[in-house]
Amino acid sequence: MSDTSQQIFEFRGVDKFHFAEILQDDANGYSCGPLQHVPVQEIGKNTDSSSEAHYYDNKAMIVVNSESADTITLTLAPPELNKLCAMIGKSFDPDTGMMVDSPKQNKYYAITYRTKGTDGGYRYVSRLKGQFNIPEEVVHTEDDSTDTNNVQITFTGIYTEYEFTKGIYDGTKWEKSGVKGIVVDARYGLADVSTFFDSIQTPDTIQAVTPTPDVPVTGVSVAPTTATLAVGQTQALTATITPADATDKAVAYSSSDEAVATVSDAGLITAIGTGTATITATTHDGSFTASCSVTVEAAVAVTGVTVSPDTDTINVGDDITLTATVAPENATNKNVTWSSSSDAIATVSDAGVVHGVSAGEATITVTTEDGSFTDTATITVS
Numbered sequence: 038m039s040d041t042s043q044q045i046f047e048f049r050g051v052d053k054f055h056f057a058e059i060l061q062d063d064a065n066g067y068s069c070g071p072l073q074h075v076p077v078q079e080i081g082k083n084t085d086s087s088s089e090a091h092y093y094d095n096k097a098m099i100v101v102n103s104e105s106a107d108t109i110t111l112t113l114a115p116p117e118l119n120k121l122c123a124m125i126g127k128s129f130d131p132d133t134g135m136m137v138d139s140p141k142q143n144k145y146y147a148i149t150y151r152t153k154g155t156d157g158g159y160r161y162v163s164r165l166k167g168q169f170n171i172p173e174e175v176v177h178t179e180d181d182s183t184d185t186n187n188v189q190i191t192f193t194g195i196y197t198e199y200e201f202t203k204g205i206y207d208g209t210k211w212e213k214s215g216v217k218g219i220v221v222d223a224r225y226g227l228a229d230v231s232t233f234f235d236s237i238q239t240p241d242t243i244q245a246v247t248p249t250p251d252v253p254v255t256g257v258s259v260a261p262t263t264a265t266l267a268v269g270q271t272q273a274l275t276a277t278i279t280p281a282d283a284t285d286k287a288v289a290y291s292s293s294d295e296a297v298a299t300v301s302d303a304g305l306i307t308a309i310g311t312g313t314a315t316i317t318a319t320t321h322d323g324s325f326t327a328s329c330s331v332t333v334e335a336a337v338a339v340t341g342v343t344v345s346p347d348t349d350t351i352n353v354g355d356d357i358t359l360t361a362t363v364a365p366e367n368a369t370n371k372n373v374t375w376s377s378s379s380d381a382i383a384t385v386s387d388a389g390v391v392h393g394v395s396a397g398e399a400t401i402t403v404t405t406e407d408g409s410f411t412d413t414a415t416i417t418v419s
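Okay, so the sequence shown: first residue is 38 according to the working numbering, each after it adds one.
Laid out in structure tokens, this is it:
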């Protein structure tokens, strides 16, 4: 990556620490057992390395470099006893849940985890061979403080005996070599990390993926482009990005006058006061814009309601539809609700459909949402 495209971040998290016993590491292959998880608080790494200049004819002519083991310090929540035994080579009795502090078994392990940057991106890490030390134990008596103790274990990492196909890269080709570990930066989008923690990953198991090229936004339109609302009414505004397969379809909405109309992040316009306002949709990619002109008028109050027919007779099991007419005709809020004086005789739906249930007489009432005006119809069920 070039300097102009470098992403600046700092590390601010670590999680998904796992370890696995190495089952094979020789000239014929490398394999590990199943992963075991332990919650992690902190991971630090130090590599033993040195450089020394060799002098000839009073000049530094050769620099000799050396690199040996990695020392990785792990601060962990106290592991389950069976996992601790596995890590430090002690014996565990599954029948009693007992650790036996017998001589350490000389086993090698691999570890894996990921680090998180302040930009939300992750680096995935596998250390392919090493041993854990036996941690020191310090436990204090309980007091009124909030101090607690966790477990600090050191993992000493070394090179594998097995030589991986992707061992050393000279700029043109790969040569086989033993390795100490791998680091995969998901920010590049070049490697498949979806199964990274299914097993210990090596240089030869990481699969390259072809990044999906970004499709830039070329424009945006909104619907509707004009709207007339009464105070209190709402209107959904829909933004359409072109092309349809654009990568970043994020849109931000804004109002030229929030005293007239406001708009939510989802594009819902709410009429606040009389006047005109322009609602603008702006694309995140490219800052393309489209707008809707909104006119807000004063709300027209309801003055009454009538129901038709006001009387009728139906048979048990039959239906009749009542119609509510809200006055004036241009009232802003024409919403109404329906109710029956006796659901045992006749029920009424939200749409004013009356259903005969049993013989008798019921009063069906319609009520306006604005002003709570009412009217009634008498329904006889025979």
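Backbone N, C-alpha and C define an ideal beta-carbon position, used for all residues, glycine too.
Measuring straight from C-alpha to C-alpha, what distance separates Gly393 and Val403?
Taking the sequence shown and counting its residues from 1, the one referred to as residue 393 is at position 356. Taking the sequence shown and counting its residues from 1, the one referred to as residue 403 is at position 366. If I take the Cα positions, the gap works out to 18 Å.
Which listed residue (Glu212, Gly341, Ser378) has its alpha carbon closest to that of Ala4
No answer is possible for residue 4: it lies beyond the span of the chain, which begins at 38 and ends at 419.
If I measure Cβ to Cβ from Gly323 and keep anything under 6 Å in the same chain, skipping five residues before and after, which residues do I get?
Counted from its first residue, the sequence shown places residue 323 at position 286. Within the same chain, Gly323 has close Cβ partners Val254.
Go through its chain and collect everything with a Cβ distance to Ser419's Cβ below 7 Å, but skip five positions before and after it.
Translated into positions along the sequence shown, residue 419 becomes position 382. For Ser419, where only same-chain residues beyond five positions count, the Cβ hits under 7 Å are Thr350, Asn352, Ala396.
Distance, Tyr206 Cα to Gln189 Cα
Numbered from 1 along the sequence shown, position 152 holds the residue referred to as residue 189. Numbered from 1 along the sequence shown, position 169 holds the residue referred to as residue 206. Roughly 35 Å between the two C-alpha positions.
Cβ-Cβ distance between Val300 and Ile309 below 8 Å
The count along the sequence shown starts at 1 and reaches residue 300 at position 263. The count along the sequence shown starts at 1 and reaches residue 309 at position 272. The answer is no: Cβ separation not under 8 Å.
Could you tell me which uninterrupted beta strand (DSSP E) segments, each at least 3 residues in length, are contained entirely in the region 302-332, listed from first to last along the chain?
Runs found: 305-308, 312-320.
Would you identify the three-state DSSP class for Thr183, choosing helix, strand or coil?
If you number the sequence shown from 1, residue 183 lands on position 146. Because the pLDDT of Thr183 is 39, which lies under 50, any placement of that residue in the model is unreliable, and the question is left without a value.
Would Arg164 be called buried (16 or more neighbouring beta carbons within 10 Å of its own) or exposed?
On the sequence shown, position 127 is the one that residue 164 refers to. Residue environment: Arg164 is assigned as buried (16 or more neighbouring CB atoms within 10 Å of its CB, all protein chains considered).
Report the partner residues of Ile278 according to the DSSP bridge assignment.
Here residue 278 corresponds to residue number 241 of the sequence shown, with the count starting at 1. Partner(s): Val257.
When you compare the region 274-294 with the region 247-265, are there three or more beta-carbon pairs, one atom per stretch, that lie closer than 8 Å?
yes
7 Å Cβ shell around Val130 - same chain, five flanking residues per side excluded
As a position in the sequence shown, residue 130 is number 93, starting the count at 1. Just to set this straight, residue 130 is Asp in the shown sequence, not Val. Excluding sequence neighbours, Asp130 sits near Val137.
What number of angstroms, rounded off, separates the C-alpha of Asn372 from the C-alpha of Glu334?
As a working note, residue 372 is residue 335 in the sequence shown. As a working note, residue 334 is residue 297 in the sequence shown. Cα-Cα distance, rounded: 18 Å.
Burial state of Ala245, where buried means 16 or more other Cβ atoms lie within 10 Å:
Walking along the sequence shown from the start, residue 245 turns up at place 208. Burial call: exposed.
Is the beta carbon of Trp211 sitting closer than 8 Å to the one on Gly218?
One-based indexing of the sequence shown puts residue 211 at position 174. One-based indexing of the sequence shown puts residue 218 at position 181. In this structure, Gly218 does not lie closer than 8 Å to Trp211 by Cβ.
Roughly how many angstroms lie between the CA atoms of Ala289 and Asp387, to the nearest whole one?
For the purposes of this step, residue 289 is identified with residue 252 of the sequence shown, where counting begins at 1. For the purposes of this step, residue 387 is identified with residue 350 of the sequence shown, where counting begins at 1. Near 37 Å, if we compare the C-alpha coordinates of Asp387 and Ala289.
Local conformation of Leu118 per DSSP, three classes
Within the sequence shown, the letter at position 81 stands for residue 118. Shown here, Leu118 sits in a helix according to DSSP, grouped into three states.
Within 10 Å of its beta-carbon, does Leu305 have 16 or more other beta-carbons around it, so buried, or fewer, so exposed?
Looking up residue 305 in the sequence shown gives position 268. Label assigned to Leu305: exposed.
Give me the residue from Asp356, Pro261, Ser236, Glu295 with the minimum Cα distance to Pro71.
Numbered from 1 along the sequence shown, position 34 holds the residue referred to as residue 71. Nearest option by C-alpha distance: Ser236.
Put Ala388 into one of helix, strand or coil per three-state DSSP.
Stepping through the sequence shown from its first residue, residue 388 is reached at position 351. Correct three-state label for Ala388: coil.
To the nearest angstrom, how far is the alpha carbon of Leu227 from that of Pro248?
On the sequence shown, position 190 is the one that residue 227 refers to. On the sequence shown, position 211 is the one that residue 248 refers to. Using only the alpha carbons, I get a separation of about 6 Å.
For Ser68, which residues from the same chain have a beta carbon less than 6 Å from its beta carbon, with the 5 sequence-adjacent residues on both sides left out?
Along the sequence shown, read from residue 1 onward, the residue named residue 68 stands at position 31. Here the set comprises Leu60, Gln61.
So if DSSP puts Gly167 in a beta bridge, which residue, or which two residues, is it bridged to?
Taking the first residue of the sequence shown as position 1, residue 167 is located at position 130. Note: Gly167 sits in a beta bridge opposite Tyr146, Gly194.
Inter-residue Cα distance where the pair is Gln142 and Val230
Here residue 142 refers to the residue found at position 105 when the sequence shown is read from its first residue. Here residue 230 refers to the residue found at position 193 when the sequence shown is read from its first residue. If I take the Cα positions, the gap works out to 33 Å.
If we count the other Cβ atoms within 10 Å of its Cβ and call it buried at 16 or more, is Gly167 buried or exposed?
Here residue 167 is taken as the residue at index 130 of the sequence shown, counted from 1. With 16 or more Cβ atoms within 10 Å of its Cβ, Gly167 is classed as buried.
Am I right that Thr415 and Asp347 are in contact with their C-beta atoms under 8 Å? What's the rounded C-beta distance?
One-based indexing of the sequence shown puts residue 415 at position 378. One-based indexing of the sequence shown puts residue 347 at position 310. Sure, about 7 Å apart at Cβ, within 8 Å.
Considering just the uninterrupted stretch of the beta strand (DSSP E) at Asp130, what are its terminal residues?
Position 93 of the sequence shown, counted from the first residue, corresponds to residue 130. It spans 128-130 - the beta strand (DSSP E) in which Asp130 sits, taken as one unbroken run.
Do Thr317 and Ser330 have their CB atoms nearer than 8 Å?
Counting from 1 along the sequence shown, the entry for residue 317 is found at position 280. Counting from 1 along the sequence shown, the entry for residue 330 is found at position 293. No.
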